[in-house]
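Scroll down for the structure; my scribbles are underneath it.
Number of protein chains: 2
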Amino acid sequence: MPQQTRPTIADVARAAGVSKGLVSFALNDRPGVAPDTRARILAAAADLGWTPSLSARSLSVGRAFACGLVIGRSPDVIAADPFFPSFIAGLEDEFSVTGQALVLAVATPGRQEAETYRALAADRRVDGVILTDIRASDPRVELVQHLGISAVTLGVPDVASPFTSVSADDGAGIRLVVAHLAALGHRRVAHVAGPEGMLHARRRHHAFRIAADAAGFNTRTVETDFSAAGGARATAALLDSPEPPTAIVYSNDSMAVAGIGVAHQRGLRVPGDLSITGFDDTEIGRYIHPAITTVATDARGWGATTARALLAAIAGDEPRHIDLADPTLTVRASTGPAPTPAA
Amino acid sequence: MPQQTRPTIADVARAAGVSKGLVSFALNDRPGVAPDTRARILAAAADLGWTPSLSARSLSVGRAFACGLVIGRSPDVIAADPFFPSFIAGLEDEFSVTGQALVLAVATPGRQEAETYRALAADRRVDGVILTDIRASDPRVELVQHLGISAVTLGVPDVASPFTSVSADDGAGIRLVVAHLAALGHRRVAHVAGPEGMLHARRRHHAFRIAADAAGFNTRTVETDFSAAGGARATAALLDSPEPPTAIVYSNDSMAVAGIGVAHQRGLRVPGDLSITGFDDTEIGRYIHPAITTVATDARGWGATTARALLAAIAGDEPRHIDLADPTLTVRASTGPAPTPAA
DNA sequence: TTGTACGCGTTATCAC
DNA sequence: GTGATAACGCGTACAA
């Protein structure tokens, strides 16, 4: 039987023989209530099975007790990216213990991104939002600021931002990859990058160029949309070039897996003829043959840290920049010594 | 400038020179308001940029205007499964136009599933929930019923359920796979199934047994947890058996991909020595080598249908059973003629 | 500690 | 049929 009429704070007050206001004080652990009175009130509340009404609380304090995450990628790309599920689990690690809800919205091409944020803010559905996949001159920073809700950005935007940022140094991961390939004797190394419009993709690309130049590599970069299809196309283009690379550094695992597919289809051996590295440490990357050498980031920890930062921002803390631990390199079977030119 | 004080219904009433109550009637398209008065009220509302306060509305009508989705798998398994991102996009296709929000909760082992539903209901955060991955004797059906919120189940539970169900006939997909393999001359065919505790996994398994028996196959089934790791282990076990199968039917694409990895590692050719089929039509399955033959379901359409069904249930419609279009078979390169025994 | 106004939209009751 | 008035949902905040 669902209890149709939930007990209200007035019921508790009546049962404890005090006023509504005092009940509120007692339940919120605020001073000014005699210890025995407080005990009586708490007992009455527990007795009646009272739980606060979220909507009443929202109405009076003007907070939603919820945070929003708007995902602006197409479902295909999300599916191929293990980041979001783990990241969301990390957010929930934190939100679930603080009584916040996570409101998830999807902004596909048909559904305007700006409209989605606007709707969330107009309804005061959320107290703050998490901005992922920060882009160059990202309009969301100003939009969200304008909408008057708190926010945290994943990575530091290239526009002035009043929000706390939480960043992982992707560049460090890329440098580990480059060093690994250099040690294996590779010289012609290509990079299959994500969309240049996304700052983290751009940063990976930038880190690659710097590190590869320092290592004396002969490089080439192809930009993609992070999808497996894009990875396959980029790989085909690179292998078709007059001087194909001996190693390809992919900006995520899905593309690396697709890259191995293309190489195999052409009869190339991995890593005998071509070494391949990924980024993200997807589960699937461990189980294909050869298992891919990849950069592992702590998406779940990133989520938990982001949630804490957002709650702090909502509480009024000053914005700040938070740096996460550097990613690590997991060496598996998809990388090996560079083929000798003689072959 | 965020407008600190939003216009309320009282402001609109004042501007239009009418009472609060009448404004509410006009804004909700209810009879009893003179046409010109209504026009004046709507104009005043538009003029002031009034938008309804969700929390006030929630408080007075007792609805949250939100629906919940509790995901009870571990992040790893979610990441490996393209179903959820697409399904969620489908939910949003519907929710976003009806002004509902989607509240996402993750129930990992540490965070009790029942507690998650209870919290959602206690806070009246949601008006209804979507129950995915229905299990044998699933306790959530009774729990959610007890909590007094609406729900829709994905698939028909094996316990009495007062909720609308939305089902796709996975069995039909499996039958297509079996027919395909039979036509290719396979006789020793194994099935790598999902957890027997999940009804849809069980149904796939059941459909496999029936169809495989009818086709005269010599079968064997291994149960897994749907993860790539599980798929790899199951494949290894099957290939180690005295009479290894010539084809393996996997219950999802991630496991199939892992299966190909294991086969390749052992020097087997796919499909020359072993044919492999998946389920879900993941993007990655199209880009590995060989591309996998798989069963395609319309997860996004499933999501949209589920959202509509849930909204109808919340509105008070009678529960019913909804059947989706049958899945289809996408034949690619991972299946081929059965190897001749002579080899 | 108490009483009460407040946040904001909905709806039942009434008067014209 | 038009419209106004007031109570309601429920917790918070502040004056008394």
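Keeping their order, the protein sequence lines are chains U and L.
Each residue of the first sequence is one higher than the one before, counting from 13 in the working numbering.
Each residue of the second sequence is one higher than the one before, counting from 13 in the working numbering.
From the three backbone atoms N, C-alpha and C, an ideal C-beta is built for every residue, glycine too.
Keep in mind that this is a model prediction, so the values were computed, not measured.
#1: Comparing the C-beta of proline 151 of chain U with each C-beta of chain L, is any distance below 9 Å?
#2: As a quick exercise: from L:His192, L:Pro174, L:Pro64 and L:Trp62, pick the residue whose alpha carbon is nearest that of threonine 305 of chain L.
#3: Could you round the C-beta distance between leucine 286 of chain L and alanine 259 of chain L to whole angstroms and report it? I think they count as a contact, below 8 Å.
#4: When you compare the CB of valine 30 of chain U with every CB in chain L, is at least one pair closer than 9 Å?
#5: Between threonine 176 of chain U and alanine 325 of chain U, which are expected to be in contact by the criterion C-beta below 8 Å, what is the C-beta distance as a whole number of angstroms?
#6: Taking only beta-carbon atoms, is arginine 221 of chain L less than 9 Å away from chain U?
#7: So who's on the other strand from serine 177 of chain U, going by DSSP bridges?
#8: Which residues of chain L have a Cβ atom closer than 7 Å to the Cβ of glutamine 112 of chain U, listed in chain order?
#9: Which of the residues in the stretch 72-101 of chain U, read from start to end, lie with their CB under 7 Å from any CB of chain L?
#10: Please go through the stretch 180-242 of chain L and give each complete beta strand (DSSP E) segment of 3 or more residues, from N-terminal end onward.
#11: Looking at chain L, is there any beta carbon in it that lies within less than 9 Å of the beta carbon of threonine 340 of chain U?
#12: I need the DSSP call for alanine 148 of chain L, collapsed to helix, strand or coil.
#13: Starting from valine 307 of chain L, trace the beta strand (DSSP E) in both directions and tell me its first and last residue.
#14: When you compare only the Cα positions, how much space is there between alanine 205 of chain L and glutamate 127 of chain U?
#15: Can you tell me whether DSSP reads threonine 289 of chain L as helix, strand or coil?
#16: Say whether chain U places a C-beta atom closer than 9 Å to the C-beta of isoleucine 300 of chain L.
#17: Please classify valine 301 of chain L: is it buried, with 16 or more other beta-carbons within 10 angstroms of its beta-carbon, or exposed?
#18: Just curious, the beta strand (DSSP E) that valine 261 of chain U is in, first and last residue?
#19: Between glycine 271 of chain L and isoleucine 296 of chain L, how many whole angstroms is the CB-CB distance? I'm expecting something under 8 Å.
#20: Is it true that the stretch 53-60 of chain U meets the stretch 38-45 of chain U, where meeting means three or more beta-carbon pairs spaced less than 8 Å apart?
#21: Could you name the residues of the same chain whose beta carbon sits closer than 6 Å to that of alanine 316 of chain U, not counting the 5 residues immediately before and after it, in chain order?
#22: For a contact meaning CB atoms closer than 8 Å, what does valine 115 of chain U contact in chain L?
#23: DSSP three-state call for valine 89 of chain U: helix, strand or coil?
#24: For alanine 311 of chain U, does the three-state DSSP call read helix, strand or coil?
#25: For leucine 116 of chain U, name the three-state secondary structure that DSSP assigns.
#26: Of the residues that make up the stretch 233-261 of chain L, which ones have a beta carbon closer than 9 Å to any beta carbon in chain U?
#27: Excluding sequence positions up to five away, which residues of its chain have a Cβ less than 7 Å from the Cβ of glycine 167 of chain U?
#28: Measure from the alpha carbon of proline 94 of chain U to the alpha carbon of each residue in U:Thr309, U:Glu330, U:Arg136 and U:Arg200, then state which is nearest.
#29: Hey, could you find the ends of the beta strand (DSSP E) alanine 78 of chain L is sitting in?
#30: Taking the alpha carbon of alanine 345 of chain L as the reference point, which residue from L:Phe291, L:Leu323, L:Pro174 and L:Val282 has its own alpha carbon closest?
#31: Using a Cβ-Cβ cut-off of 9 Å, state whether alanine 46 of chain U counts as contacting chain L.
#32: Hey, is leucine 39 of chain U's beta-carbon within less than 9 Å of any beta-carbon in chain L?
#33: Which residues in chain U sit within 7 Å of isoleucine 53 of chain L, going by Cβ to Cβ distance?
#34: Can you tell me where the beta strand (DSSP E) with valine 35 of chain U in it begins and where it stops?
#35: Could you give the DSSP three-state label for threonine 17 of chain L: helix, strand or coil?
#36: Given 8 Å as the limit, is there contact between the stretch 63-82 of chain L and the stretch 218-236 of chain L, that is, 3 or more CB pairs closer than that?
Answer, in terms of the structure:
#1: no
#2: L:His192
#3: 7 Å
#4: no
#5: 5 Å
#6: no
#7: U:Thr165 and U:His333
#8: Per Cβ cutoff of 7 Å: no residues; glutamine 112 of chain U is ~10 Å from chain L at best.
#9: Pro87, Asp88, Ile90, Ala91, Ala92, Pro94, Pro97, Ser98, Ile100 and Ala101
#10: 200-205 and 230-235
#11: no
#12: coil
#13: 306-308
#14: 42 Å
#15: strand
#16: yes
#17: One point to set straight first is that residue 301 of chain L is histidine, not valine, in the sequence displayed. By the 10 Å Cβ count, histidine 301 of chain L comes out buried.
#18: 259-262
#19: That belief does not hold up - the Cβ atoms of glycine 271 of chain L and isoleucine 296 of chain L are roughly 13 Å apart, past 8 Å.
#20: yes
#21: Gly102, Asp105 and Glu106
#22: Ala78, Ala113, Leu114, Val115 and Leu116
#23: helix
#24: helix
#25: strand
#26: Ser239, Ala240, Ala241, Gly243 and Ala244
#27: Ile146, Ser177, Ser179, Leu211 and His212
#28: U:Thr309
#29: 78-83
#30: L:Val282
#31: no
#32: no
#33: Near isoleucine 53 of chain L there are no residues of chain U at all, since even the closest Cβ is about 20 Å away, more than 7 Å.
#34: That residue, valine 35 of chain U, is in no beta strand (DSSP E); its alpha helix (DSSP H) goes 32-39.
#35: coil
#36: no
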